[in-house]
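Residue numbers (the numbering used here): 1075 to 1208. C-beta atoms are modelled at their ideal positions from N, C-alpha and C, and glycine is treated no differently. Remember, predicted model here, so these are calculated numbers, not experimental data.
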């Protein structure tokens, strides 16, 4: 589990020139528990159909610590694909993944240096593959 990120440095220029500054950034990472279920079916020796679903039970990043630099918010994945083997050693696979999550928010901080952030993720990812067996 990641805790907080701590930085110390000496400012150069500006209002804090020459001063030692200590910065603590709360990352707020949680442990993640994920449930995954998948199935595969071959209606013929040439064709194989697959599907799977994955759900993270906790968000990896707590809402109040969401940072735009950590793309760790996706909780759900649905995958479907199929493979066609046209010869014993040649196989082509095509599939699609859909990932989604509910929006998560960070209200920002009181100093005003971090703006409020709201993030959500919905994406489709196509995939194509070719396999040659030796």
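In the structure shown, residue 1176 falls within a coil segment according to DSSP collapsed to helix, strand and coil.
Fewer than three beta-carbon pairs drawn from the region 1104-1119 and the region 1080-1095 are found closer than 8 Å, and the two stretches are therefore not classed as touching. Annotation: the continuous beta strand (DSSP E) that includes residue 1124 extends over 1121-1130.
Inclusion of residue 1151 and residue 1116 in the CB contact set at 8 Å is not warranted, their separation being larger than that value. For residue 1207, no beta strand (DSSP E) run applies, since DSSP gives it neither H nor E. Excluding five sequence positions before and after residue 1153, the CB atoms of its chain that fall closer than 6 Å to its own CB belong to 1126, 1171, given in chain order. Residue state for residue 1089 is assigned as coil, using DSSP reduced to three classes. When only Cα atoms are considered, residue 1173 and residue 1088 end up about 44 Å apart. Here residue 1181 carries a coil assignment [DSSP, helix/strand/coil]. Looking at the DSSP output, residue 1199 shares a beta bridge with 1171. The DSSP-derived three-state label of residue 1161 is strand.
In the three-state DSSP reduction, residue 1084 falls in the strand class (E or B). For residue 1108, the enclosing beta strand (DSSP E) has its first and last residue at 1108-1115.
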